[in-house]
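Protein chains in written order, with our numbering: chain A, 1 to 61; chain B, 62 to 588.
Each residue gets a CB set at the ideal place from its N, CA and C atoms; glycine is no exception.
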Amino acid sequence: MQDPLVRGARQQDQQGVVDLYRHLHPEGVPLMSEAAAPAWAALLGSGLTHVLCPEGAGPMA
Amino acid sequence: MIENVVTHADHRRRGFGRRVLQAALEAAWARGCYEVMLATGSRWEATLRFYERAGFECGGKPSSRPGAPECQGRSLAPVQHRQPRLFAAVDPGRPRAQRAVVATGIHARRDGVRRQRGTVSGLAPLVMQCTGVEGGSGDLGWRATPGTVNVRFRTVCNSGAMTFDRRVLLGLASALPVAALPGRQAAALRPSRPVATRAVAPEAPLKPTEWEAFCARYILPEGRVVDTANGGISHSEGQGWAMLCAERMDDRASFDRLLDWTRRTLPRPGDALFAWRYRPEARGNKVEDTNNATDGDLMIAWALLRAGARWQDPGLTAEGKAIARDILRLLVRQVGEDVVLLPGARGFEQHGYVVVNPSYYTFPALPVLARAVPDPLWLRLAADGLKLLRRARFGRWGLPPDWLALPRGGGAPIPAPGWPPRFSYDAVRVPLYLAWAGLGREPVAASAARFWTDPRHPSPPAWADLSQDTVSPYAAPSGVRAIARLAVARAGAEGAATDMPSIADANDYYSAALTLLAHLAWRDSTT
Numbered sequence: 001m002q003d004p005l006v007r008g009a010r011q012q013d014q015q016g017v018v019d020l021y022r023h024l025h026p027e028g029v030p031l032m033s034e035a036a037a038p039a040w041a042a043l044l045g046s047g048l049t050h051v052l053c054p055e056g057a058g059p060m061a
Numbered sequence: 062m063i064e065n066v067v068t069h070a071d072h073r074r075r076g077f078g079r080r081v082l083q084a085a086l087e088a089a090w091a092r093g094c095y096e097v098m099l100a101t102g103s104r105w106e107a108t109l110r111f112y113e114r115a116g117f118e119c120g121g122k123p124s125s126r127p128g129a130p131e132c133q134g135r136s137l138a139p140v141q142h143r144q145p146r147l148f149a150a151v152d153p154g155r156p157r158a159q160r161a162v163v164a165t166g167i168h169a170r171r172d173g174v175r176r177q178r179g180t181v182s183g184l185a186p187l188v189m190q191c192t193g194v195e196g197g198s199g200d201l202g203w204r205a206t207p208g209t210v211n212v213r214f215r216t217v218c219n220s221g222a223m224t225f226d227r228r229v230l231l232g233l234a235s236a237l238p239v240a241a242l243p244g245r246q247a248a249a250l251r252p253s254r255p256v257a258t259r260a261v262a263p264e265a266p267l268k269p270t271e272w273e274a275f276c277a278r279y280i281l282p283e284g285r286v287v288d289t290a291n292g293g294i295s296h297s298e299g300q301g302w303a304m305l306c307a308e309r310m311d312d313r314a315s316f317d318r319l320l321d322w323t324r325r326t327l328p329r330p331g332d333a334l335f336a337w338r339y340r341p342e343a344r345g346n347k348v349e350d351t352n353n354a355t356d357g358d359l360m361i362a363w364a365l366l367r368a369g370a371r372w373q374d375p376g377l378t379a380e381g382k383a384i385a386r387d388i389l390r391l392l393v394r395q396v397g398e399d400v401v402l403l404p405g406a407r408g409f410e411q412h413g414y415v416v417v418n419p420s421y422y423t424f425p426a427l428p429v430l431a432r433a434v435p436d437p438l439w440l441r442l443a444a445d446g447l448k449l450l451r452r453a454r455f456g457r458w459g460l461p462p463d464w465l466a467l468p469r470g471g472g473a474p475i476p477a478p479g480w481p482p483r484f485s486y487d488a489v490r491v492p493l494y495l496a497w498a499g500l501g502r503e504p505v506a507a508s509a510a511r512f513w514t515d516p517r518h519p520s521p522p523a524w525a526d527l528s529q530d531t532v533s534p535y536a537a538p539s540g541v542r543a544i545a546r547l548a549v550a551r552a553g554a555e556g557a558a559t560d561m562p563s564i565a566d567a568n569d570y571y572s573a574a575l576t577l578l579a580h581l582a583w584r585d586s587t588t
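1) For the beta strand (DSSP E) that A466/B lies in, which residues bound it at each end?
2) Within a Cβ cutoff of 7 Å, which residues of the same chain sit near V549/B, ignoring the five residues on either side of it in sequence?
3) Listed from N- to C-terminal order along the chain, which residues in the stretch 387–401 of chain B have their beta-carbon within a distance smaller than 9 Å of any beta-carbon of chain A?
4) Looking only at C-alpha atoms, which of G284/B, R546/B, R75/B, R340/B sits nearest to F316/B?
5) Can you confirm whether R340/B, when its beta carbon is compared against all beta carbons of chain A, has any partner nearer than 9 Å?
6) Taking the beta strand (DSSP E) that D387/B falls in, what are its first and last residues?
7) For H50/A, name the three-state secondary structure that DSSP assigns.
8) Are three or more beta carbon pairs between the stretch 478–495 of chain B and the stretch 533–547 of chain B nearer than 8 Å?
9) In the DSSP assignment, the beta strand (DSSP E) including D399/B goes from what residue to what residue?
10) Are there 16 or more other CB atoms within 10 angstroms of the CB of L319/B, so buried, or fewer, so exposed?
11) Chain A beta carbons: is any one of them nearer than 9 Å to that of V67/B?
12) Could you list the residues in the stretch 467–478 of chain B with a C-beta less than 9 Å from some C-beta on chain A, going in chain order?
13) By how many angstroms is the C-alpha of V17/A removed from the C-alpha of W40/A?
14) DSSP beta-bridge partners for E55/A?
15) To the nearest angstrom, how far is the alpha carbon of R584/B from that of Y279/B?
16) Is it right to say H296/B is buried, meaning 16 or more other beta carbons lie within 10 angstroms of its own, or is it exposed?
17) Return the CA-CA distance between A565/B and Y422/B, expressed in angstroms with no decimal places.
18) I want to see whether chain B comes within less than 9 Å of L52/A, judged by CB atoms only; does it?
19) For a contact defined as C-beta to C-beta under 7 Å, what are the partners of A42/A on chain B?
20) Mind checking the stretch 80–91 of chain B against chain A and listing, in chain order, the residues whose C-beta falls within less than 7 Å of any C-beta there?
21) Looking at the C-beta of F77/B, does it have a partner C-beta in chain A at a distance below 9 Å?
22) Comparing the C-beta of A37/A with each C-beta of chain B, is any distance below 9 Å?
23) Compare the C-alpha of L447/B against each of E503/B, E410/B, R407/B, A426/B and name the closest.
24) What's the C-alpha gap between W90/B and M360/B?
25) For the stretch 451–512 of chain B, which segments carrying the alpha helix (DSSP H) assignment without a break, of at least 4 residues, lie completely within its bounds, in sequence order?
26) Rounded to the nearest angstrom, what separates R451/B and A507/B at their Cα positions?
27) Check whether the Cβ atoms of R80/B and F111/B lie closer than 9 Å to each other.
28) Please identify the residue among L581/B, R394/B, G413/B, K268/B whose C-alpha is closest to the C-alpha of A498/B.
29) For Y279/B, does the three-state DSSP call read helix, strand or coil?
30) With the cut-off set at 9 Å, would you say P482/B and P468/B are in Cβ contact?
31) Are the beta-carbon atoms of A433/B and A385/B separated by less than 9 Å?
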């Protein structure tokens with residue numbers, strides 16, 4: 001298998017993260033993408049939290 | 062801090078996790094980190110071995126729970142809740158025996174050697190903070206989006222721009238380590254003086270005559286502290302303040318009387334917190350409202366934990382821990398991106414905003430509570446509290462209001478609707494607690510010092526209206542003047558404790574209590 005590309009998360013990864021959250025919390029309250037957008041943008045822009053994503057089987061979303 | 066390593070079950074054993082961990086470590090080293098911690102709640106031996114192969118060493122606190130997996134002879138406690146019990150700070154400028162902190166978790170060091178950048182005033186700590194969202198690990202049956210592994214890490218304070226975090230977080234961290242580490246590792250990290258007794262001053266922090274005067278004027282024989290300016294009522298905060306002073310004065314008899322009255326009179330059903338007020342003139346039940354006041358609970362817990370250590374009384378320690386747990390359980394909320402401290406369990410969470418009292422952030426107490434009840438939330442509470450205080454400055458002097466409203470959807474805090482937009486009798490404690498915690502140069506504390514020394518005032522005003530930029534037509538009472546002296550001195554000006562007002566200058570309970578606290582803070586922030 002080719003080594004995955006590990007990169008920092010981007011704004012366009014939001015839907016993949018929302019989907020992931022849903023998988024992790026299948027019984028939880030569904031997250032709305034539009035509501036998650038500002039939180040995701042703030043997270044990525046904070047400079048304190050870094051989210052890494054590998055792309056080994058296609059992009060996240 | 063690395064947490065939430067998640068790989069979809071269909072894509073495991075293909076190197077995704079290892080590769081992402083490697084990338085996270087490389088990124089951390091590139092940013093000047095010298096230690097990285099990884100939090101996991103996994104009980105699976107295979108997961109722990111995986112992290113070891115990825116370069117992490119096992120650390121952790123001993124677990125009394127059966128079934129905890131062993132890792133190289135040291136136990137790695139399973140995490141019972143979703144938040145990893147892990148946070149750490151390292152101050153390379155201090156002796157090793159006093160710096161390293163490890164709670165439950167795994168940590169890695171680059172090349173097995175602690176790294177020190179030495180670029181930030183000789184103190185280049187990495188302070189790692191749990192982001193506190195979804196805890197756990199990838200071996201709990203979680204399903205991930207195919208092909209993804211998420212690793213999040215968060216570093217705080219690896220630059221000089223965030224010194225406020227560093228100081229408090231280091232304080233928290235230094236209070237945490239010893240009890241969290243097992244066996245020989247704990248012994249290696251144990252400070253030269255036991256943490257439990259480190260805070261006990263070798264000599265009285267208050268003049269005995271000052272404490273005796275306070276007891277005689279404001280504490281009834283049964284242990285009730287009387288607010289002489291408010292109809293003789295009593296508050297949980299006053300009980301806590303007096304208990305703290307009694308402990309500091311090694312006055313066990315007074316402490317026991319205060320605690321006994323508090324236990325008997327102010328208990329709340331269902332938790333370890335205390336009702337906020339006792340009103341002797343009330344008909345029937347004199348505790349009419351069972352809501353708590355968070356500052357009172359923080360202060361009582363702080364006093365109990367100190368007292369338990371001073372007098373070697375595990376019962377007192379257990380009581381303090383119970384309160385600390387319930388503070389975390391009932392009084393900490395996420396508002397927007399930040400964790401905030403509710404002023405009370407009820408009544409402060411409105412539809413569009415949450416009301417906060419900035420003076421309830423008792424920063425010098427937080428390290429003690431964090432050591433007693435290790436939890437990442439303490440760290441977030443302290444860091445986010447300081448961040449909030451930096452934003453909550455209003456008017457000409459940049460002062461905090463007594464009560465603050467935080468919009469739930471984020472955005473700037475505003476003085477809370479329904480309360481006068483004043484820097485007044487509550488908010489004067491903001492610079493008190495900051496100075497007490499060694500944070501007297503924080504912007505909001507320095508602003509208070511400038512306000513109180515503004516040459517346009519013949520003497521420090523009792524309050525300032527933050528919307529009109531006006532001040533009270535009368536001077537601050539002696540207790541506020543004592544805080545002003547402290548704040549001015551800790552903001553960098555000259556000053557001596559001999560300039561501080563005394564109990565004899567106080568006209569009422571509140572002023573006298575603030576005077577005592579300012580004396581304690583003066584002492585603690587110089588030793």
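Based on what the coordinates show:
1) 465–468
2) A510, W513, T514, G556
3) G397, E398
4) G284/B
5) no
6) Per DSSP, D387/B belongs to no beta strand (DSSP E); it is in the alpha helix (DSSP H), 375–392.
7) strand
8) yes
9) 399–402
10) buried
11) yes
12) G470, G471
13) 9 Å
14) L5/A
15) 23 Å
16) buried
17) 28 Å
18) yes
19) E398
20) R80, V81, A84, A85, A88
21) yes
22) no
23) E503/B
24) 40 Å
25) 490–497
26) 11 Å
27) no
28) L581/B
29) helix
30) no
31) yes
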